[in-house]
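Colleague: Before I ask anything, here is the structure I am working with.
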Amino acid sequence: MRVAVITPSRLKLSTLAGKAGQYFLDHAVESANAQELDRPVTIHFFVGTDPETEIPAHLADHPQITFARGERKGQIPALNAAIRAVDASWDYVGFLEDDDRWLPPYLAVALRALDRFDFVSSTQLEVDEAGEVVRINDFATPSGWLMRRTTFAQVGAISPASKWHYDNEWLGRLAETGLRRVHLVEATAPGTLRDAIQVRPWLANILQLGGPNISLARHGFVLPLVCRLVHPGSGTSDVGQGGTSRAESEAEYQRLIDRFGRIPW
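In terms of the working numbering, the sequence shown opens at residue 1064 and continues consecutively.
In structure tokens:
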């Protein structure tokens, strides 16, 4: 079984407490290698970078990493360069931002879910640079995506027209295919739309705006299985500060509404 992991990266040094001298990408690869699996799985990272990004020697020589340079600067060209490097020999495709991590049970849980579904997304546990818990985030960020390669081929690559919300746009196209999607939540999360509306509105958005064939699945763990870092250098932080980034984000949301009739979740 072969899993290709798509990762866009600016190859920034880690800002996590106690991790001086390491890169965010080191953490992502370490988290993949710490997966608790019940079957043999080959995991390989396809990392998209900007055209002029300098690649540290220890990462350039890493046997589990293939680098691909985007045609121009930006996250979307980098993502699509990495996607083009994944050939038909790979059974599954996942995404993992370099500053995020999979907790050890994630991949086994997601692979089992793909016995019954075509696409997996996941709620995340957000933490800060000191490792302190910030909140649970129910939006289906790409770091929780895993799918059969055939699913990805059917939906297609990342839209070059996207900048801030490529994930919403791609999820909208996924919903249009009618493929079966499951969203993983922790053991104590609401399991129905009625309950989610009362206490977890973003989880309710997943069920209401995620398309016609979406289900929730509780796993047996008390925390989400994807860990998302919240830090000042992130794109989400840029949008939250307002200005041009906020205006671009809002315009992109309007294009999504025009295209899909909603903002896909």
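Yeah, the Cβ is synthetic: ideal placement off N, Cα and C, and Gly gets one too.
If you run the structure through DSSP and keep just helix, strand and coil, what is P1264?
Modeller: Mapped onto the sequence shown, residue 1264 falls at position 201. It is helical.
Colleague: Distance, Cα to Cα, F1087 vs D1163?
Modeller: Position 24 of the sequence shown, counted from the start, is the residue given in the question as residue 1087. Position 100 of the sequence shown, counted from the start, is the residue given in the question as residue 1163. If you take the alpha carbons of F1087 and D1163, they lie about 8 Å apart.
Colleague: Quick test of your reading: R1244 and D1181, contact by CB under 8 Å. State the CB separation rounded to the nearest angstrom.
Modeller: Along the sequence shown, one-based indexing puts residue 1244 at 181. Along the sequence shown, one-based indexing puts residue 1181 at 118. About 7 Å; that satisfies the 8 Å criterion.
Colleague: Looking at the structure shown, is Q1217 part of a helix, part of a strand, or coil, going by DSSP?
Modeller: Counted from its first residue, the sequence shown places residue 1217 at position 154. Helix, per DSSP.
Colleague: Less than 8 Å between the CB atoms is what I'm expecting for D1161 and T1070, so what's the real figure, rounded?
Modeller: Residue mapping note: residue 1161 aligns to position 98 of the sequence shown, counting from 1. Residue mapping note: residue 1070 aligns to position 7 of the sequence shown, counting from 1. Right, their Cβ atoms sit about 5 Å apart.
Colleague: If you run the structure through DSSP and keep just helix, strand and coil, what is W1233?
Modeller: What you label residue 1233 is simply residue 170 of the sequence shown in a count that begins at 1. It is helical.
Colleague: Please classify N1268 as buried or exposed, where buried requires at least 16 other C-beta atoms within 10 Å of its C-beta.
Modeller: Here residue 1268 refers to the residue found at position 205 when the sequence shown is read from its first residue. N1268 should be labelled buried.
Colleague: To the nearest angstrom, how far is it from the Cα of V1104 to the Cα of P1223?
Modeller: To locate residue 1104, count along the sequence shown from 1; it is residue 41. To locate residue 1223, count along the sequence shown from 1; it is residue 160. Their Cα atoms are separated by approximately 32 Å.
Colleague: Given a cut-off of 8 Å on the beta-carbon distance, is the pair F1323 and G1235 in contact?
Modeller: In the sequence shown, residue 1323 corresponds to position 260, counting from 1. In the sequence shown, residue 1235 corresponds to position 172, counting from 1. Contact flag set, yes.
Colleague: Would you tell me roughly how many angstroms separate the C-alpha atoms of T1080 and E1192, rounded to the nearest one?
Modeller: Stepping through the sequence shown from its first residue, residue 1080 is reached at position 17. Stepping through the sequence shown from its first residue, residue 1192 is reached at position 129. The amino acid at residue 1080 is misidentified as Thr; the sequence shows Ala. Rounded to the nearest angstrom, the two C-alpha atoms are 6 Å apart.
Colleague: Which two residues bound the contiguous alpha helix (DSSP H) that contains E1093?
Modeller: Reading the sequence shown from its first residue, position 30 is the one you call residue 1093. Note, E1093: alpha helix (DSSP H), 1087-1096.
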